[in-house]
Amino acid sequence: VNLVGPPGVGKTQITRIFAESVLKKKFIRISCSSDLSQEDLFGSFVPTAHSNSGTKATKMTFQFREGAILEQAAVADSARMAGRKPKSPDEYQGAVILFDEINLAPSNVLSTIIGIMKHPKGTKMVVNSKEYSLK
Numbered sequence: 001v002n003l004v005g006p007p008g009v010g011k012t013q014i015t016r017i018f019a020e021s022v023l024k025k026k027f028i029r030i031s032c033s034s035d036l037s038q039e040d041l042f043g044s045f046v047p048t049a050h051s052n053s054g055t056k057a058t059k060m061t062f063q064f065r066e067g068a069i070l071e072q073a074a075v076a077d078s079a080r081m082a083g084r085k086p087k088s089p090d091e092y093q094g095a096v097i098l099f100d101e102i103n104l105a106p107s108n109v110l111s112t113i114i115g116i117m118k119h120p121k122g123t124k125m126v127v128n129s130k131e132y133s134l135k
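Residue numbers (the UniProt record's numbering): 1 to 135.
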């Protein structure tokens, strides 16, 4: 759904209320700008310092940090995989994501978002050897 209108008329608020009250889904707002990257949405490898116990040596490694979309998919997937009974029938059915000011996002990010939206429900995505469900 594409909501268009001047600033301050309640587009974000109505989306949040609809997601949480009507659909009973988590609401995630991603503020788009020319600085938004695919890594912000899906994740990237970041340097991480590890202290060696017993010595003062510090070892640098790279660890995968999930972006906003994969982070939400991982939360739903891990609860589902743990066999935890859902609190509601829709608990594991994802979230409503609002791409605020999507017209400001770079073209490569837009094409990725559109590509994901075109996939059918239940599409799986593998990133860093981990499988995510995009529903």
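Glycine is no exception: its CB is placed at the ideal position from the N, C-alpha and C atoms. The structure presented is a predicted model; accordingly, all values stated were derived computationally and were not measured.
Looking at the DSSP output, LYS130 sits in a beta bridge with VAL127. Pairing TYR132 with GLY67, the inter-Cα distance amounts to about 12 Å. For ALA73, the closest of GLY10, LYS26, ALA19 and THR12 by C-alpha to C-alpha distance is LYS26. At a Cβ-Cβ threshold of 8 Å, VAL127 and LEU36 do not count as neighbours. Its Cα nearest to that of GLY115, the residue GLN38 stands out among GLY8, GLN38 and GLN13.
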